[in-house]
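Take 63 as the starting number for the sequence shown in the numbering used here and just add one per residue.
Cβ coordinates follow ideal geometry from the N, Cα and C atoms, glycine included.
Only a predicted model underlies this, so the values are computations on that prediction, with no experimental measurement involved.
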Amino acid sequence: YIYLQPVGFSSPPGGSGGGGGFCRLMSRKITFYAVIPANLSSSLCYVDPENLMYVEPVPGKTGKIKVTMHYATMYPVIEFECQNIGFIRVDVKEFYRVYAREDVQQKIETSEFFGFRVDADKPLILELGGFERQPRELWKQVLKTNATGPSEYVKFESWEWVDGKIIATFTPGDPAVTVLWGSSMQTFQDMMLQLAFVLIAVAAVVTVLKIARKYVE
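Right under this line is the structure:
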């Protein structure tokens with residue numbers, strides 16, 4: 063086995079951001095890294111001791127993969143950074159249960175959201191299992207390279223639902239993908255906008271209280 067090794071943990075005060083444009087409010091993250099030798103037997107391509115993530119490198123190439131799992135948030139996200147990787151299969155529910163010790167399906171039922179991002183230098187097939195029902199739609203984020211303002215979302219069509227799994231096909235340069243279950247993208251964006259206003263209001267109240275406390279002292 064080529065075990066997926068944790069190489070970093072992060073729990074930034076007040077939340078985390080960046081990466082793929084996802085709103086990862088009050089989240090923590092665990093980062094893993096693995097190297098898969100060229101021509102490794104397919105039976106040995108699991109990169110974790112629980113056999114939850116299976117990774118195949120491009121034939122004849124040494125593969126490298128970095129996985130960042132965002133947890134302790136109602137909007138879970140997994141990011142894959144790949145070099146010479148052609149196929150990834152992971153049981154998302156079990157992966158979160160084992161490494162984050164939380165029920166990601168419960169979060170999905172509440173927020174109707176799951177996000178993932180793939181940064182790959184070769185065409186890649188990603189198979190995500192562990193979901194209890196078929197998502198309503200997938201959307202990909204289109205970054206504006208020559209314009210300011212927020213990025214745009216368009217429907218992601220290169221996927222299918224097979225035996226309880228999301229099977230998505232990526233080419234190099236494909237953007238982040240948002241998976242939605244019950245809500246439409248517009249409903250989800252409206253909800254996130256409302257949540258952002260609430261967080262701004264809370265931050266303002268906290269600032270005022272700190273200033274007031276300083277004057278009292």
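Using a threshold of 7 Å, is the CB atom of residue i nearer than that to any non-hydrogen atom of the ligand FMN?
i   : result
V97 : Among the components of this structure there are no ligands whatsoever, and the ligand FMN is therefore not found.
For my contact list, residue i and residue j are in at a C-beta cut-off of 8 Å; report their separation, rounded to the angstrom.
i    : j    : result
I147 : G125 : 5 Å
R151 : A238 : Going by Cβ atoms, the distance from R151 to A238 rounds to 20 Å, so no, they are not a contact pair.
E194 : Q168 : Wrong, their Cβ atoms sit about 10 Å apart, outside the cutoff.
K227 : G191 : 4 Å
D153 : L114 : 5 Å
Quick one: residues in its chain with C-beta nearer than 6 Å to the C-beta of residue i, no 5 flanking neighbours on either side, listed in chain order?
i    : result
P185 : T233
P149 : Here residue 149 turns out to be Phe, not Pro, going by the sequence shown. Closer than 6 Å at the Cβ level, and outside the excluded window around F149, lie E118 and I187.
E189 : R151, K227 and I229
V97  : K126
T231 : I187 and S220
L345 : Nothing about residue 345 can be reported from this structure: the residues present for the chain run from 63 to 279 only.
E143 : K128 and D181
With a threshold of 16 other CB atoms inside 10 Å of the CB of residue i, please say whether the residue is buried or exposed.
i    : result
V280 : Missing from the structure shown is residue 280; the chain here goes from 63 to 279 and no further.
A182 : buried
D110 : buried
S104 : exposed
V204 : exposed
K217 : exposed
R198 : exposed
V129 : buried
Y108 : buried
P68  : Residue placement at P68 is poorly supported in this model, since its pLDDT is 44, which falls under 50; the coordinates still yield a value, given next. Classification of P68: exposed, given that the 10 Å Cβ count is below 16.
V139 : buried
D236 : buried
E141 : buried
Using only alpha-carbon positions, find the residue among the options that is nearest to residue i.
i    : options                   : result
E134 : D236, Q203 and A162       : Strictly speaking, residue 134 in this sequence is Ala, with Glu absent from that position. Per the Cα distances, A162.
P121 : L188, N101, P138 and E171 : N101
E112 : M136, K227, F157 and Q145 : F157
S173 : E219, L242 and I140       : L242
F175 : E189, T240 and I98        : T240
K155 : M131, C144 and E143       : M131
Which same chain residues end up closer than 8 Å to residue i when comparing Cβ atoms and leaving out the 5 residues on each side of it in sequence?
i    : result
E164 : Y133, A134 and Y158
F71  : Model confidence at F71 stands at a pLDDT of 40, short of 50, so the residue's coordinates are unreliable; what they give is reported in the following sentence. Cβ neighbours of F71 beyond the five flanking positions: R90, K91, I92 and T93.
K202 : Y215, V216, K217, F218, D236, P237, A238, V239 and T240
D225 : none
Might you give, ordered along the chain, the residues of its own chain that have their beta carbon closer than 7 Å to the beta carbon of residue i, omitting 5 neighbours on each side?
i    : result
W223 : Q196
K123 : A100 and N146
M136 : K169, T172 and S173
A258 : Because A258 carries a pLDDT of 40, less than 50, the predicted location of this residue cannot be relied on, and the following value inherits that uncertainty. So the list is empty, once near-sequence residues are dropped.
V160 : E112 and L114
Suppose only complete runs of 4+ residues qualify. What are the alpha helix (DSSP H) ranges in the region 95–166, listed by chain order?
Unbroken alpha helix (DSSP H) runs of no fewer than 4 residues, entirely contained in the region 95–166, are found at 154–161, following chain order.
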